[in-house]
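*Asks:* Chains as they are written, first to last, in the numbering used here: chain D, 6 to 240; chain B, 6 to 240; chain L, 6 to 240; chain W, 6 to 240. Virtual Cβ for every residue (Gly too), placed ideally from N, Cα, C. Please read all numbers here as calculations on a predicted model, not as lab measurements.
#1: Out of curiosity, what's the CA-to-CA distance linking residue 120(D) and residue 170(D)?
#2: Could you tell me whether any Cβ in chain B is nearer than 8 angstroms to the Cβ of residue 111(D)?
#3: Can you tell me whether residue 146(B) is helix, strand or coil according to DSSP?
#4: Report the CB separation of residue 124(L) from residue 146(L) in whole angstroms; it is logged as a contact under 8 angstroms.
#5: Is there contact between the stretch 96 to 110 of chain W and the stretch 69 to 80 of chain W, where contact requires at least three CB pairs shorter than 8 angstroms?
#6: Which residue spans inside the stretch 42 to 128 of chain W form an unbroken beta strand (DSSP E) run of at least 3?
#7: Does residue 221(W) get closer than 8 angstroms to chain D when you measure Cβ to Cβ?
#8: Taking 8 angstroms as the CB-CB cut-off, is residue 155(D) touching chain L?
#9: Using the three-state DSSP reduction, which class does residue 191(B) fall into: helix, strand or coil?
#10: If you pair each beta-carbon of the stretch 205 to 221 of chain B with each one of the stretch 14 to 24 of chain L, do three or more pairs fall below 8 angstroms?
#11: Which residues in chain W sit within 8 angstroms of residue 173(B), going by Cβ to Cβ distance?
#12: Only counting the same chain, and skipping five residues up and downstream in sequence, which positions put a Cβ closer than 7 angstroms to that of residue 130(L)?
#13: Does the structure place the stretch 143 to 158 of chain W close enough to the stretch 192 to 204 of chain W that three or more beta carbon pairs sit under 8 angstroms?
#14: With a threshold of 8 angstroms between beta-carbons, can residue 90(D) be considered close to chain B, or not?
#15: Can you look up residue 29(W) in the DSSP assignment and give me helix, strand or coil?
#16: Thinking C-beta only, is residue 98(L) closer than 8 angstroms to residue 153(L)?
#17: Going by the CB atoms, is the gap between residue 158(W) and residue 214(W) shorter than 8 angstroms?
#18: With 16 other CB atoms within 10 Å as the buried threshold, where does residue 51(W) fall?
#19: So, for residue 33(D): in the same chain, excluding its five sequence neighbours on each side, which residues have a beta-carbon less than 7 angstroms away from its beta-carbon?
#20: Closer than 6 angstroms by C-beta to residue 212(B): which residues in its own chain qualify, once you throw out the five before and the five after it? Chain order, please.
#21: Of all Cβ atoms in chain B, is any one closer than 8 angstroms to the Cβ of residue 183(L)?
#22: Just to confirm before moving on: does the CB-CB distance between residue 31(W) and residue 48(W) stay below 8 angstroms?
#23: If you draw a straight line from the C-alpha of residue 235(D) to the C-alpha of residue 172(B), how long is it?
#24: Between the C-alpha atoms of residue 43(W) and residue 94(W), what's the straight-line distance to the nearest angstrom?
#25: So that I know if they touch, is there some Cβ in chain L lying closer than 8 angstroms to that of residue 33(B)?
#26: Would you verify that the beta carbon of residue 129(W) is, or is not, closer than 8 angstroms to some beta carbon of chain B?
#27: How many whole angstroms separate the CB atoms of residue 89(B) and residue 184(B), which I take to be in contact at a CB cut-off of 8 angstroms?
#28: Classify residue 76(W): buried if its beta carbon has 16 or more other beta carbons within 10 angstroms, exposed otherwise.
#29: Along chain L, which residues have their Cβ under 7 angstroms away from the Cβ of residue 132(D)?
#30: Alpha carbon to alpha carbon, how far is residue 210(B) from residue 29(W)? Give it in angstroms, no decimals.
#31: For residue 227(L), would you say it is in contact with chain B, using Cβ-to-Cβ distances shorter than 8 angstroms as the test?
#32: Between the alpha carbons of residue 160(B) and residue 144(D), how many angstroms are there, rounded?
#33: Nearest to residue 101(L) by alpha carbon, out of 19(L), 66(L), 233(L) and 59(L)?
#34: Say the cut is 7 angstroms; is the CB of residue 116(W) nearer than that to a heavy atom of the ligand ADP?
#35: In terms of alpha-carbon separation, which member of 175(W), 200(W) and 96(W) lies closest to residue 191(W)?
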């Protein structure tokens, strides 16, 4: 598969993050992906590398962003959105709930409640879903930012995970959507200050999600054809 | 209720349309709405009347557009989209499948097949839905433009109507969505060359849809609050 | 509206329950229903009063059961199921997740995790849903039995409420379904040992649910008609 | 995979059917399944071979029935239903919309309109769905029984196919559901009087459906465990 990991890479340059993610969040995610894949890493520094042509040949794109959503050019958000509609899988991680492409694909504000310094227990709520395969009925994240309901998203195709937070909140922590031919997975864990992407269950989810989001069909364009009448089926 | 009817009003100015819709499509829709409502009509000529303030006080907006989607300013599409997310009902008619606000709300291309000069039989496929109340199990439109699958929309909340066309195509002709607090109904019939908006079943659908799309709750803003921990529930 | 409250009424006869529900759970629920309605109470003692004829004239049925699911005759479960399919609203409370009619309507095992002596915080996760109207973003139940995921139900139409439990579990505490013309609401709170049905938010939910579950359309029979061809729509 | 084909095998014994399906409908379906699988054929004559033990080891069950739904013992319908809930895939063909297991799984009447001697055009309405892979945007069945809306089923997970009939009706011809861990596909074509199961597109759909319905997870039992509190996640 051809996979793109986009990480804005802002926090990653700061000293306090080095001990946690010495190679950046993108480095940790790249490390986490199993199997033989062609993985391209993009950060805000070279975001213009994300072109229509590159995406047309990409199976799955992973997106991590937090502090710099507004610095992503609208044009790039639009080519990502259109690539998803044409079949590319899209995995939005953590603060990417507010990323331009996800909001453009979902059509809602994607707002939620949040708080640093909490702990989360993630429950599987769709045990037959491919993204939940091989996971225990729940797993725990001793350190994770709280994201709480109401989470303003359209009705998901599936709610694969629900999160329980020590502080008293619940969250739809893993949700899927389809837009055109593209499969979308939003996954809540992944705050930059915690070593989430080394957790074996998180790694399993990401790999499951990549396999699930792989295109089953693709198109190269989208239009409204004027269509000649077919007439009755001939018996 | 406060209702806005937006009709771009392009075709309506041409002589050939006068015999069908002497007061424009907006005039016919206004005529079709039953009950005591405060109805505002907007066309492309005064589209800048659509402001955040006006929409905050609007219960349901009806949108008809075809030839001039690209002339609707992006800013206006965005204020409509945000008003829906905050609770305003939105009814998109016929060619409004390609309107900016609907596409912005749905996140898909909304493309489909089409052909002039066909006839449609509309079947009720969700008989318990409020929008289907009082309708027969099917009704016919002797003249209507064909819109055919694949219709590139997200999975609807409900498929209230399915269309059968003489030429051999099928279509999800009446579909509902929720975005934020706002209810959305897309309804396929309504080509400008046919007297669709005088049909008693069409009139019933539009009135049912207005009643259904009325806000059940509204918010004035959308943000991501930093939220203090609630802690355990005290027994 | 014509409303039936079915409560098996087993626990209610025991001395320990008298201080909590002196008139039985059915008495408390009857007390909680606002407005002018014709309310019939049925317990296991007179369960054979539940007939096809009675249900044909019933708008909404409320069902509370726990210890005596197996004592409900299959025939009565079937007439309730068919009445729902024909349009009657059905509200299943607490342990009614394992009641015969609900399982017959949903087609799943409806199993879950449980534990006495916990506390619950109930979050609104579908703020535009009629059942959530007038409720705060969350409310608390200092004493409630824990019901935990995985809850083996089909994908709900809407997840109106999600529960957070002190003990560490989450639950889809308020879920809706449609079967035929009938609207179904399952609501998790309501353990017999706690004064749940006096809580003002619970009372609001029950009244909202009754208004929502009221039939929008009804049929008297269900069959597969041999249907003559309609032919092309005449232009 | 271990696959069971159940065909009641009533019509198949009559002389008029021999030219169409010399080896019975089950024979044609068995022939249609590609790949190395362990396929067991069961008819009404040996229906008691369908046991809990056999199903526990079965990946996908295909069900064709029409004239003898009432002769299927309730106990067998129940073991099939429970096997699906525990993870077994279930593919219901044509008149199996009224089969006991499908109705038990869906909880609705599954009624519809019907008429012999029509022709159908089947449109793909979920092009990204695995069951639609490799199919054209539509395909035609010169001879097929008409099944028409309203089809009384719960809201499907996906409507993969919609049918257009010469006589003027529409139908949700291919629909998916999940019950517990089990995936369910109902597919409308397959009247006993027409050579449907030799059609290359039908064969493609059946093979796609088998691959899709293969269990992703399985359980051996279903119960409601009393669950000790987990407590707060330790940071």
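*Replies:* Let me spell this out:
#1: 10 angstroms
#2: yes
#3: strand
#4: 6 angstroms
#5: yes
#6: 43 to 47, 65 to 69 and 94 to 98
#7: yes
#8: yes
#9: strand
#10: no
#11: 126 and 169
#12: 164, 165, 166 and 167
#13: yes
#14: yes
#15: helix
#16: no
#17: no
#18: exposed
#19: 26, 202 and 203
#20: 39
#21: yes
#22: yes
#23: 6 angstroms
#24: 15 angstroms
#25: no
#26: yes
#27: 6 angstroms
#28: exposed
#29: 155
#30: 48 angstroms
#31: no
#32: 30 angstroms
#33: 66(L)
#34: The model depicted lacks the ligand ADP and carries no ligand whatsoever.
#35: 96(W)
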